[in-house]
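Protein chains in written order, with the working numbering: chain A, 1 to 317; chain B, 1001 to 1358.
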C-alpha cells in the first residue's frame, strides 16, 4: 500500500500537523487567511446559500415535499414539464417551477427540502466518522507499540476497498435503510480521520509541554483534550470539510442504487434514481437534483481546498 | 530492484488476508442476519435453519473462516442464491466488461488530465489555466451517476439527428454478431489456462476486434464505450489535472529548473526532462488512488449504461438480496485494487531510485 500520508479526495497531501501548528497570530489572522482564498469564499457562499435553503425550506417551498397534488390542483399531471406563469406558462395550468415528479409531487419543493436532508446526512455521517476516528487514532498514537500496529493495520485493510464497494457490502449486511447507509459511509471514512489524529498525537507526544503535563500528573484524557486536540483540529477540519462532500455523494449514490433513502423521502440521490428511466421523456426530473447534488459537493470541495491552502504555507501563491 | 519488488509483493499478502477477514467478519458479526438479508424479512425459522445449514453458518466462527479461506484458495466464491451458479463463473464472464471500461476510463483520465495539468502549470494564471481549474473543480464535484445520465441524454436524445449520436446503453448494437478469438483463430479445441485467457480477451470486445481484425466489432464496441468511459473517467481526470498542475508548479520553482533555464535550454526540454520527470511521482500516486474511485464508479456507470460487468452484478445482487455474490464481488474488486496499488508502488521504484533503496 502507499505511504501513510493523509490525503484528501483529490489526493493532495494534507497539511501535516507541524505545518498547521506553525500558524501565526490570532484567530482573526487565521480567518483573514481563509477569506483570502478565492475558492474558500466561493465554497462558503454556495454552502451558506444551501444552509439558508435548508433552514427556510418551509418558507421557500410552495408545497409540502411529500404531497401528491392529485385532487388538490385542477389539471395537474404526473411528470408535467416545468410551468412558470411569469415566463408565459398559461394561467390555466398549475404552476410548478420544476414540474411534477412521477408521484405528482412538486419537484421544486422536494428539491428544497432535499437540501436539509443532504446537509444533515453530510454532517452526521462525517461527525460520526471523525469521533470514532479520533478515538482510534488517539489510542493508537498514545499507546503506540503493538496496539498502534494492530489498529493501523486494521485501518489499512479498510482502505484496501474502494469506498462505495465496501459501503455496499456493509449496507447489504445491515439491511437497507438511510440510517444504515449513513453508518456504512461513516465506517468507510473512519480510517482517514484515525490516521490524521494518530499523526497529530505522534508529533506532539514527545514535545516538552506534553512531557511536562504528564510529569504534573495530568490524565491521558486531559492531555489529549487540552494539549493534543488543539494541534489536530486544523487537519481534521480540512479533511472533514472535504469528507462531507464525499459522504453526501456516497449516500446519494447508495440511495440512487436503492439501498439507502426510501420513498417518500425527498433525498436527491433517491429522486434521481426514481426517475432515471424517464430521462428521455422528463430530463428535468433527473437534472435538477443532479445539479443540486453537484453544487453541494462543489461547495464543500472548494471550502475544503481553500482551508487547506490557507493552512498550508508551502502553497503560497 | 528485484528485491524491492519481492518485498512489495510479500507485504501485500497480509493486506489481502485482511480484505478477506473484513468481508468475512462484516457478513457474520454485524447485527443483521444473513438469512434475513438473503431470504427477506418474512423468512421463517425453519427456512433460516435450512439456509444456515446449507451455507455452513452453524459452525463456530474460526472453522467457518478456515473453510472460507480454503474455498477462496481454490477460487470458490460460493454459489449465487439467485442464479444457483458458482459466483466465480459469473464473475469470469463479467469481469472483462469492467476491466475494459475501467481501462478506457483511466486512459482518458490520464491522457486528458496530464495534458491539461501541464498546460495549466506552464501557462499559470492564464485564461486557459483558470478555465481548466474551474472545469477540474466542477469535474471533481459532479457525481458519476449524474454525469452519466446527462451524457446519455445529450448524446442519445439532443444529438439524435446529428452524426454525434451515441448509444446510451449496452455493449454492442442489438443483434450484432461476432466471433470469439478461439473461433476466429480456429482454436476451438484448445483447453486449459490459455483458453481461459483467450475467452477473457474475447469478452473485451475492443481487444477482440483489434487482434482478430473484426473492425466492425471494434468500431461498434468503441462507440458503446465512449459515454460510459467519459462518465467514469471525468472525476479522476479532474483529480489528475489538479495534481499534475500543482506538482509541476512545485518542481518548476526549484533551483535546478532555474539553472536549466539559465543555461539556455529550450523551454520544452526543461519542462519535460527537468520538470515532468520529477513531478510525476505524486501524479502516479493519484492515478493509483483513483483506481479505487473507478472501481466504485463502475458500479454506478454499469448500472446506468446497462453494461453487464461486475458493477451491474453488484447492483442486481443488492436487488435480489444475493449477498454471496456481493461478498465475492467485493473481494475480487478489493483484490484488484490491492494489485493496482502494488503495481503503483513498484513503479515508484522505477521512477525514483530513492524509493528502491529505502
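A virtual CB, placed ideally from N, CA and C, is assigned to each residue, including glycine.
Looking at the secondary structure, which residues open and close the alpha helix (DSSP H) in which residue i lies?
i, result
"residue 309 of chain A", "284-311"
"residue 130 of chain A", "107-143"
"residue 85 of chain A", "It is not in any alpha helix (DSSP H) - residue 85 of chain A carries neither H nor E in the DSSP assignment."
"residue 1125 of chain B", "From DSSP, residue 1125 of chain B is part of no alpha helix (DSSP H); its letter is neither H nor E."
"residue 1296 of chain B", "1277-1305"
"residue 1053 of chain B", "1045-1054"
"residue 1207 of chain B", "1205-1212"
"residue 191 of chain A", "178-205"
"residue 1334 of chain B", "1323-1351"
"residue 221 of chain A", "220-223"
"residue 259 of chain A", "Neither: residue 259 of chain A is in no alpha helix (DSSP H) and is coded neither H nor E."
"residue 275 of chain A", "268-275"
"residue 1258 of chain B", "1255-1262"
"residue 43 of chain A", "38-55"
"residue 1069 of chain B", "1061-1073"
"residue 1150 of chain B", "1144-1153"
"residue 1270 of chain B", "Run containing residue 1270 of chain B: none; DSSP gives neither H nor E here."
"residue 215 of chain A", "208-215"
Am I right that residue i and residue j are in contact with their C-beta atoms under 8 Å? What's the rounded C-beta distance?
i, j, result
"residue 200 of chain A", "residue 128 of chain A", "Actually they do not touch by this definition, with Cβ atoms about 19 Å apart."
"residue 248 of chain A", "residue 39 of chain A", "18 Å between Cβ atoms; not a contact."
"residue 1121 of chain B", "residue 1245 of chain B", "5 Å"
"residue 104 of chain A", "residue 76 of chain A", "6 Å"
"residue 1251 of chain B", "residue 1261 of chain B", "That pair is no contact at about 13 Å."
"residue 1239 of chain B", "residue 1290 of chain B", "6 Å"
"residue 1023 of chain B", "residue 1325 of chain B", "About 12 Å; that fails the 8 Å criterion."
"residue 162 of chain A", "residue 1012 of chain B", "Rounded, the Cβ-Cβ distance is 16 Å, inconsistent with contact."
"residue 1091 of chain B", "residue 1328 of chain B", "7 Å"
"residue 1101 of chain B", "residue 1228 of chain B", "6 Å"
Quick one: does residue i have its CB under 9 Å from some CB of chain B?
i, result
"residue 39 of chain A", "yes"
"residue 182 of chain A", "no"
"residue 191 of chain A", "no"
"residue 163 of chain A", "yes"
"residue 149 of chain A", "no"
"residue 265 of chain A", "no"
"residue 168 of chain A", "yes"
"residue 276 of chain A", "yes"
"residue 103 of chain A", "no"
"residue 291 of chain A", "yes"
"residue 123 of chain A", "no"
"residue 79 of chain A", "no"
"residue 259 of chain A", "yes"
"residue 252 of chain A", "yes"
"residue 230 of chain A", "no"
"residue 153 of chain A", "yes"
"residue 301 of chain A", "yes"
Mapping DSSP to helix, strand and coil, what is residue i?
i, result
"residue 77 of chain A", "coil"
"residue 1224 of chain B", "helix"
"residue 1318 of chain B", "helix"
"residue 1180 of chain B", "coil"
"residue 93 of chain A", "coil"
"residue 1191 of chain B", "coil"
"residue 280 of chain A", "coil"
"residue 159 of chain A", "helix"
"residue 1265 of chain B", "coil"
"residue 1161 of chain B", "coil"
"residue 1246 of chain B", "helix"
"residue 1168 of chain B", "coil"
"residue 1058 of chain B", "coil"
"residue 1014 of chain B", "helix"
Chain A beta carbons: is any one of them nearer than 9 Å to that of residue i?
i, result
"residue 1327 of chain B", "yes"
"residue 1334 of chain B", "yes"
"residue 1195 of chain B", "no"
"residue 1182 of chain B", "no"
"residue 1137 of chain B", "yes"
"residue 1155 of chain B", "no"
"residue 1377 of chain B", "In this structure chain B extends from 1001 to 1358, so residue 1377 of chain B is not present and cannot be described."
"residue 1063 of chain B", "no"
"residue 1145 of chain B", "yes"
"residue 1015 of chain B", "yes"
"residue 1351 of chain B", "no"
Who does residue i pair with in a DSSP beta bridge?
i, result
"residue 1005 of chain B", "According to DSSP, residue 1005 of chain B bridges with nothing at all."
"residue 1086 of chain B", "B/1079"
"residue 68 of chain A", "A/105"
"residue 100 of chain A", "A/106"
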